[in-house]
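Line by line, the protein sequences are chains B and H.
If you count by the working numbering, then the first sequence holds residues 6 to 120, one letter each, in order.
If you count by the working numbering, then the second sequence holds residues 623 to 733, one letter each, in order.
All residues carry an ideal CB built from backbone N, CA and C; glycine is no exception.
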Amino acid sequence: GAGVSQSPSNKVTEKGKDVELRCDPISGHTALYWYRQSLGQGLEFLIYFQGNSAPDKSGLPSDRFSAERTGGSVSTLTIQRTQQEDSAVYLCASSLFAGEYNEQFFGPGTRLTVL
Amino acid sequence: KNEVEQSPQNLTAQEGEFITINCSYSVGISALHWLQQHPGGGIVSLFMLSSGKKKHGRLIATINIQEKHSSLHITASHPRDSAVYICAVRAGGTSYGKLTFGQGTILTVHP
Numbered sequence: 006g007a008g009v010s011q012s013p014s015n016k017v018t019e020k021g022k023d024v025e026l027r028c029d030p031i032s033g034h035t036a037l038y039w040y041r042q043s044l045g046q047g048l049e050f051l052i053y054f055q056g057n058s059a060p061d062k063s064g065l066p067s068d069r070f071s072a073e074r075t076g077g078s079v080s081t082l083t084i085q086r087t088q089q090e091d092s093a094v095y096l097c098a099s100s101l102f103a104g105e106y107n108e109q110f111f112g113p114g115t116r117l118t119v120l
Numbered sequence: 623k624n625e626v627e628q629s630p631q632n633l634t635a636q637e638g639e640f641i642t643i644n645c646s647y648s649v650g651i652s653a654l655h656w657l658q659q660h661p662g663g664g665i666v667s668l669f670m671l672s673s674g675k676k677k678h679g680r681l682i683a684t685i686n687i688q689e690k691h692s693s694l695h696i697t698a699s700h701p702r703d704s705a706v707y708i709c710a711v712r713a714g715g716t717s718y719g720k721l722t723f724g725q726g727t728i729l730t731v732h733p
């Protein structure tokens with residue numbers, strides 16, 4: 006595709022339910038990143054994948070959050086037993102490589118609302 | 623104290639004015655990014671730099687590694703420049719993928 010795509014664009018769920026957010030990176034990009042932007046707060050790093058290397062999970066806020074990347078392409082961010090504080094816009098980005106000189110291209114985000 | 627601080631937090635300008643947004647950081651970095659986020663959420667990468675200065679159209683980004691400071695300048699500002707501008711750094715020695723973000727500067731340009 007032409008850019009990074011994310012689905013769904015909006016997700017409303019009830020507290021305690023599990024949700025899955027999907028990211029399709031730009032074709033050929035080996036690095037994929039997940040970020041979170043909570044209302045009134047800045048962007049926050051969650052996790053990134055580079056090729057077949059073990060992902061850097063250092064930004065995941067709790068063990069309710071997990072992510073996987075299948076076949077080096079599509080990624081799914083899963084939040085188990087959602088809480089109201091999980092409400093945020095979840096952004097995915099990809100870059101050709103994860104090196105510091107590689108521009109990141111952002112998707113439109115998934116707005117998650119936990120009731 | 624945040625590792626990345628931006629100033630001002632809010633900025634209002636008249637069309638045509640020269641605008642400067644500042645970013646200071648407290649850690650050694652390997653690269654600094656300037657991002658633009660329009661209402662509705664889409665984020666676009668404006669610049670990525672590790673030294674010196676870059677220019678793209680009416681936008682100029684500079685960085686001073688010794689002073690741990692970067693500036694984003696907009697010349698001849700226009701209402702379509704209204705957006706949130708975000709500074710992000712990649713700390714030296716950390717994994718390449720991890721960016722630390724400033725809180726953003728909300729820019730409003732009036733016609």
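Can you tell me whether DSSP reads E90(B) as helix, strand or coil?
Three-state result, E90(B): helix.
For I665(H), which residues in the same chain have their Cβ closer than 8 Å to its Cβ, ignoring the five residues on either side in sequence?
Only residues of its own chain outside the window of five on either side were considered, and among them L657, Q658, Q659, I708 have a CB closer than 8 Å to the CB of I665(H), listed in chain order.
Measure from the C-beta of Q658(H) to each C-beta in chain B and report whether the shortest distance is under 8 Å.
Under the Cβ criterion of 8 Å, Q658(H) is not counted among the residues facing chain B.
Which residues does DSSP pair with V2(B) in a beta bridge?
Any question about residue 2(B) goes unanswered here, given that chain B covers just 6 to 120.
Helix or strand or just coil, what does DSSP make of R702(H)?
The answer is helix: DSSP assigns R702(H) an H, G or I state.
Could you list the residues in the region 62–83 of chain B with a C-beta less than 8 Å from some C-beta on chain H, going in chain order?
Answer in chain order: S63, G64.
In the DSSP assignment, find the unbroken beta strand (DSSP E) run with T642(H) in it and report its ends.
According to the DSSP assignment, T642(H) belongs to the beta strand (DSSP E) that extends over 641–647.
Under 8 Å, Cβ to Cβ, is there at least one residue of chain B near F640(H)?
With respect to chain B, the C-beta atom of F640(H) has no partner C-beta closer than 8 Å.
Counting only beta-carbon separations shorter than 8 Å, does G674(H) have a partner in chain B?
Answer no: the Cβ-Cβ gap between G674(H) and chain B never drops below 8 Å.
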